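Some notes on the structure that comes next.
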Amino acid sequence: MTLLRDIGGILVLALHVLRALVPTRKTWFDLRETVKNLHKMGNRSVPIVVLTAFFAGGLMMLQSGPFVKKFGATGLAGWGSGYAVLREIGPILIALMFSGRVGASALRISQEVGGIVVLTAQVLRALVPPRIDRRELVKNLYKMGNRSVPIVVLTALFAGGLMTLQTGPFVKKFGVTALAGWGAGYAVLREIGPILIALMFSGRVGANNTAELSTMTVTEQLDGLRALAIDPVRFLVVPRVLAMIVMLVALTVIGDLVALMGAAMVGRAMLDIEWSTMVNSFTDNLQPFDFLHGVYKAIAFGAAIAVSSCYFGVTVRGGAVGVGRAVNAAVVAAAVSIMLLDFLLTYLTG
9 MTLLRDIGGI
19 LVLALHVLRA
29 LVPTRKTWFD
39 LRETVKNLHK
49 MGNRSVPIVV
59 LTAFFAGGLM
69 MLQSGPFVKK
79 FGATGLAGWG
89 SGYAVLREIG
99 PILIALMFSG
109 RVGASALRIS
119 QEVGGIVVLT
129 AQVLRALVPP
139 RIDRRELVKN
149 LYKMGNRSVP
159 IVVLTALFAG
169 GLMTLQTGPF
179 VKKFGVTALA
189 GWGAGYAVLR
199 EIGPILIALM
209 FSGRVGANNT
219 AELSTMTVTE
229 QLDGLRALAI
239 DPVRFLVVPR
249 VLAMIVMLVA
259 LTVIGDLVAL
269 MGAAMVGRAM
279 LDIEWSTMVN
289 SFTDNLQPFD
299 FLHGVYKAIA
309 FGAAIAVSSC
319 YFGVTVRGGA
329 VGVGRAVNAA
339 VVAAAVSIML
349 LDFLLTYLTG
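Per the working numbering, residue 9 is the first one in the sequence shown, and the count goes up by one each step.
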């Protein structure tokens, strides 16, 4: 219900924007403001977009390259990766990065990496011995899962359907409909699913986690815990890190299943590919490692999102204004970490 209300509000605002585009005497003043925002948004976004696009292209080549070499079709290597990047991967990832980056002030990644590494070490140290507040852990598991399941299911459903829409016409054209499910499933299980779900999780749960910890920091609640000889890292950060990792893995598994269902539904409804053909394509061609590939990526992504969001939450400065900046910085840092980890894990494991 909340999601539907938000969508309705966005549509109403879009109508107001369209109505405001009707020329008035203030049009030239509005144009100056538009040019100023174009410069500001472009200046902030180019570095992160270039980095995202660079790794997205490399990832697609890493995934498709071994197969075209295996079947002696290296002439299609560039087409496979380029087609995926130009039509789906590129626009989606760049839009997600842009949404997080434009709201942020200058993110000095080099100045924050050391702090994130230190916090990671503190979390690992707090796990020995593993004395964790179970109530805090369960509370965070429920809160994070309850907030994320609807958006993850919706994202996964459309991701699976999109992959079938992109690959389906080609497998039908060449008479290999038995590979329709494999093409969609392979892309979803190994790349599209884990990345999109992690980015959605970061924007939904990671941002909220940063906001909560930032508010506690600026209102001196963390100082109060220290005054009571309670370690904020052990009491607040560790349960959140563990909860994010566990929930992102669970959501990735759910998302994979929903995406495969969405792929089969679109194949049947829009491309006239039988259910049995899609199911057999899944079971005959997809390997258990394709599924596990996405699961261990989810573990790494969950850790990156958790540590980034907690770090910017506990180091916030500047009162209420600083809270907003910390949230945006955490989302961008998590997104960059996801892309870097995805490239590294794909390169190391294939």
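Just so it is clear, CB atoms sit at the ideal spot from N, CA and C, and this is done for glycine as well.
Remember, predicted model here, so these are calculated numbers, not experimental data.
{"query": "G327 to A195 span [Cα, whole Å]", "result": "43 Å"}
{"query": "Inter-residue CB distance, I205 and V257 (contact presumed, cutoff 8 Å)", "result": "Contact flag wrong, Cβ pair sits at about 10 Å."}
{"query": "Proximity to A311 [Cα-Cα], best of D280, V340, L349", "result": "L349"}
{"query": "Outcome for K8 when other beta-carbon atoms lying within 10 angstroms are tallied against a minimum of 16", "result": "For residue 8 there is no data in the structure shown, the boundaries of the chain being 9 and 358."}
{"query": "Outcome for V340 when other beta-carbon atoms lying within 10 angstroms are tallied against a minimum of 16", "result": "buried"}
{"query": "For T172, three-class secondary structure by DSSP", "result": "helix"}
{"query": "Buried or exposed (CB count within 10 angstroms, at least 16 for buried), V249", "result": "buried"}
{"query": "Same chain, Cβ closer than 7 Å to T128, neighbours up to 5 away in sequence not counted", "result": "V315"}
{"query": "Straight-line Cα distance separating A308 from N293", "result": "26 Å"}
{"query": "Contact set for V335: own chain, Cβ-Cβ below 6 Å, skip 5 residues either direction", "result": "A215, T218, A219"}
{"query": "Local conformation of A368 per DSSP, three classes", "result": "It is not possible to answer for residue 368, since the shown part of the chain is limited to 9 through 358."}
{"query": "Inter-residue CB distance, L145 and H301 (contact presumed, cutoff 8 Å)", "result": "With 8 Å as the limit, L145 and H301 do not qualify as a contact, their Cβ atoms being about 27 Å apart."}
{"query": "Contacting residues, own chain, Cβ-Cβ under 6 Å from S317 (five flanking each side not counted)", "result": "G214, N217, T218, A338"}
{"query": "C-beta atoms of M171 and A271 nearer than 9 Å", "result": "yes"}
{"query": "Alpha-carbon spacing of F297 relative to F182, whole angstroms", "result": "27 Å"}
{"query": "Local Cβ density within 10 Å of A237, reported as buried at 16 or more and exposed below that", "result": "exposed"}
{"query": "DSSP three-state assignment for E228, whether helix, strand or coil", "result": "coil"}
{"query": "Whether G176 touches A192 by CB criterion (9 Å)", "result": "yes"}
{"query": "Where the alpha helix (DSSP H) through T260 begins and ends", "result": "246–278"}
{"query": "From P247, A277, Q295, R242, residue whose alpha carbon lies closest to that of A134", "result": "R242"}
{"query": "DSSP three-state assignment for G111, whether helix, strand or coil", "result": "With a pLDDT of 42 at G111, under the threshold of 50, the predicted position of this residue should be treated as unreliable, though the coordinate-derived value follows. The answer is coil: DSSP assigns G111 none of H, G, I, E or B."}
{"query": "Environment of R333 [buried if 16+ CB atoms lie within 10 Å]", "result": "buried"}
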